[in-house]
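Undergrad: Structure provided below as C-alpha cells; questions to follow.
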DNA sequence: AATGATTTTTAGAGTACCCTAAATATTTAT
DNA sequence: ATAAATATTTAGGGTACTCTAAAAATCATT
Ligand SMILES: [Mn+2]
Ligand SMILES: [Mn+2]
Ligand SMILES: [Mn+2]
Ligand SMILES: [Mn+2]
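Chains as they are written, first to last, in the working numbering: chain A, 14 to 234; chain B, 14 to 234.
See the structure below:
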C-alpha cells in the first residue's frame with residue numbers, strides 16, 4: 014500500500030500534468046506540496062521503482078496508467094467526502110477541502126462504495142468539480158467562464174476554477190453559489206470587470222479575476 | 014499536534030491502565046500495538062517530554078490529565094465514526110473497527126461537533142461501548158455478564174466485552190445483537206455453558222466464553 | 001539469599017521523509 | 001555563442017519510527 018506521502022505526490026503530479034499538458038517539473042511539485050525541490054528529487058528517485066510514473070532527470074515526470082488510476086481514485090474519494098461534508102454535515106463549501114485532504118487517505122474500498130451509494134452517486138462535488146466513477150470516468154460538462162459570455166447572454170453557475178477559501182468566501186458574500194443565475198449586463202473595457210444580473214434580481218459589478226474563475230453553463234434559448 | 018503514532022500510543026496506554034488498574038508496562042503496550050518492546054521503550058523516552066504521561070524506568074507508565082483528555086477524545090471520535098458506519102452507511106458491527114481506527118485520527122474539531130449532531134448525539138457505539146461526550150464524560154450503565162445471571166433471570170444484550178471480529182460474527186450467526194432478549198434456562202455445571210431462551214423464541218446453548226463476553230442489562234420485574 | 005525466569009532497557013542500525021548549501025544542467029537573454 | 005538566470009540534482013545531514021541482539025534490572029522460586 015502507498016503511504017499518505019506517496020499518495021500526495023501522485024495526486025500532485027496528476028493535477029500539474031492535467032493543468033500544464035506535459036511533464037510535471039520538480040519545482041511545480043515542490044510548490045504544490047509545500048516542500049523543497051531537493052526533497053522532490055529525492056522522493057522521485059525513491060518512488061520511481063514503483064511504476065507510478067516515468068522520471069527522467071531534468072525532464073520532469075508523468076504518470077503511468079497505474080499512477081493515473083491511483084490519482085483518479087484519490088480524487089474520487091476526496092470529492093465524495095466533500096459532498097458528504099456539505100450535504101450531510103452542513104459544512105459550507107469553503108470549509109471542506111482540508112478535511113477532505115485527510116479523509117481521502119482512509120483506506121477501505123467498501124467504505125467508498127457505501128459512501129457513494131449513501132450520497133446517491135453524485136456526479137459533481139460542492140465546487141462543481143466532476144467526481145470520477147468507480148472506473149475512473151469523469152462526467153464532463155459544457156461550461157465556459159463568466160468572462161467569456163457576451164452581453165445579454167445568460168447562464169447558471171456550475172463551478173469554480175480555483176477553490177481557495179478567499180474566493181469561495183467572496184462568492185458567499187455576494188450570495189453566489191452553484192445554481193445561481195447570471196445574465197451579463199455589460200463588459201467594462203477599462204479593467205475587464207463585468208456588470209451582471211444575479212438571480213434576475215441583484216445587479217453586481219464583478220472583477221475580471223472573479224469572472225475568469227467562475228464557470229457557467231449557458232442557457233440556450 | 015500529535016502524530017498518528019503518538020495518538021495510538023496514548024490510546025493504548027489508556028486502554029491498558031483502564032483494564033489493569035495500575036501502570037501500563039512495556040510488554041503490554043508492545044502487544045497492544047503489535048510492535049517490539051524495544052520500540053516502546055524508545056518511544057516512551059522520546060515522548061516523555063510532552064507531558065502526556067509519567068514514565069519511570071522499569072515501572073511502566075500512566076497518563077497525566079492531558080494524556081487522559083487526549084485518549085478520551087480519540088475514543089469519542091472512534092466510537093462516533095463507528096456509529097456513522099453502522100447507522101448511516103449500513104456496515105455491520107464486525108466490519109467497522111479497522112476503518113474507525115483510521116478515521117479517528119482525522120483532525121478537525123468542527124467535524125466531530127457536526128458528526129455528533131448528525132448522528133443525534135449517540136451515547137453508545139455499535140458494540141454497546143459508551144461514547145464520551147465533548148467534555149470527556151462517559152455514560153455508564155448497569156450491566157452484568159450473561160454468565161452472572163441466575164436461572165430464570167431475564168435481560169437484554171447491551172454490549173460485548175471484546176469486539177473482535179470472530180466473536181461478533183459468532184453472535185451474528187445466532188442472530189444475537191444489541192437489544193436481543195435473553196432468559197437463562199439453566200447453567201450446565203460440567204463446562205459452565207448455559208442454556209438460554211433468545212427473544213422469547215429460540216433455545217440456544219452458549220459456551221462459557223461467549224457468556225462471559227456478553228453484557229446484559231437485567232430486566233427487573 | 002541465591003538462582004533462574006521474565007521483563008525492560010540499551011546498543012547499533014535501517015527506512016522514510018525532510019532540510020540547507022553547493023554543484024551542475026538547462027534555458028533565456030544578449 | 002557566451003553569459004546570466006533559473007531549474008534541478010547531489011552532498012551531507014536530521015528527525016521519527018522501527019528492528020534484532022545483547023545487557024541489565026526486576027520478579028519468582030526455592
Ligand atoms: Mn478539495
Ligand atoms: Mn472540491
Ligand atoms: Mn472499535
Ligand atoms: Mn466499538
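All residues carry an ideal CB built from backbone N, CA and C; glycine is no exception.
#1: List the residues of chain A that residue 103 of chain B touches, going by C-beta distances under 9 Å, in chain order.
#2: Comparing alpha-carbon positions, which option in A:206, A:211, A:184, A:88 lies nearest residue 169 of chain A?
#3: So, does the CB of residue 86 of chain A fall closer than 8 Å to a CB anywhere in chain B?
#4: Between A:56, A:224, A:134, which has its C-alpha nearest residue 74 of chain A's C-alpha?
#5: Taking the C-alpha atoms as reference points, what is the distance between residue 181 of chain A and residue 24 of chain B?
#6: If contacts are defined as beta-carbon pairs under 8 Å, then residue 110 of chain A and residue 176 of chain A qualify, I think. What distance do you get, rounded to the angstrom?
#7: Starting from residue 46 of chain B and walking both ways along the alpha helix (DSSP H), at which residues does that stretch end?
#8: Out of B:158, B:107, B:174, B:39, which one is the CA nearest neighbour of residue 186 of chain B?
#9: Does any C-beta atom of chain A lie closer than 8 Å to the C-beta of residue 112 of chain B?
#10: Can you list the alpha helix (DSSP H) stretches of 4 or more residues lying completely in the stretch 123–206 of chain A, in chain order?
#11: Is there a C-beta anywhere in chain B that falls below 8 Å from the one on residue 182 of chain A?
#12: Would you say the beta carbon of residue 200 of chain A comes nearer than 7 Å to a heavy atom of ligand 6?
#13: Under 8 Å between beta-carbons, which chain A residues line up against residue 120 of chain B? List them in chain order, please.
#14: Let me know the beta strand (DSSP E) ranges lying completely inside the stretch 73–107 of chain B, each 3 residues or longer, listed in chain order.
#15: What does DSSP give as the partner residue(s) for residue 216 of chain B in the beta ladder?
#16: For chain B, find out if any of its Cβ atoms is closer than 8 Å to the Cβ of residue 124 of chain A; answer yes or no.
#17: So if DSSP puts residue 230 of chain A in a beta bridge, which residue, or which two residues, is it bridged to?
#18: Rounded to a whole number of angstroms, what is the C-alpha to C-alpha distance between residue 40 of chain B and residue 157 of chain B?
#19: If you run the structure through DSSP and keep just helix, strand and coil, what is residue 22 of chain A?
#20: Cβ-heavy atom distance between residue 123 of chain B and ligand 1 below 7 Å?
TA: To lay it out plainly:
#1: 127, 130, 131
#2: A:211
#3: Chain B contact via Cβ: absent.
#4: A:56
#5: 38 Å
#6: 6 Å
#7: 39–46
#8: B:107
#9: yes
#10: Within the stretch 123–206 of chain A, the complete alpha helix (DSSP H) runs of at least 4 residues fall at 178–186.
#11: no
#12: Summarising the ligand content, the structure contains ligand 1, ligand 2, ligand 3 and ligand 4 and does not contain ligand 6.
#13: 115
#14: 74–76
#15: B:210
#16: yes
#17: Partner(s): A:169.
#18: Roughly 30 Å between the two C-alpha positions.
#19: helix
#20: No.
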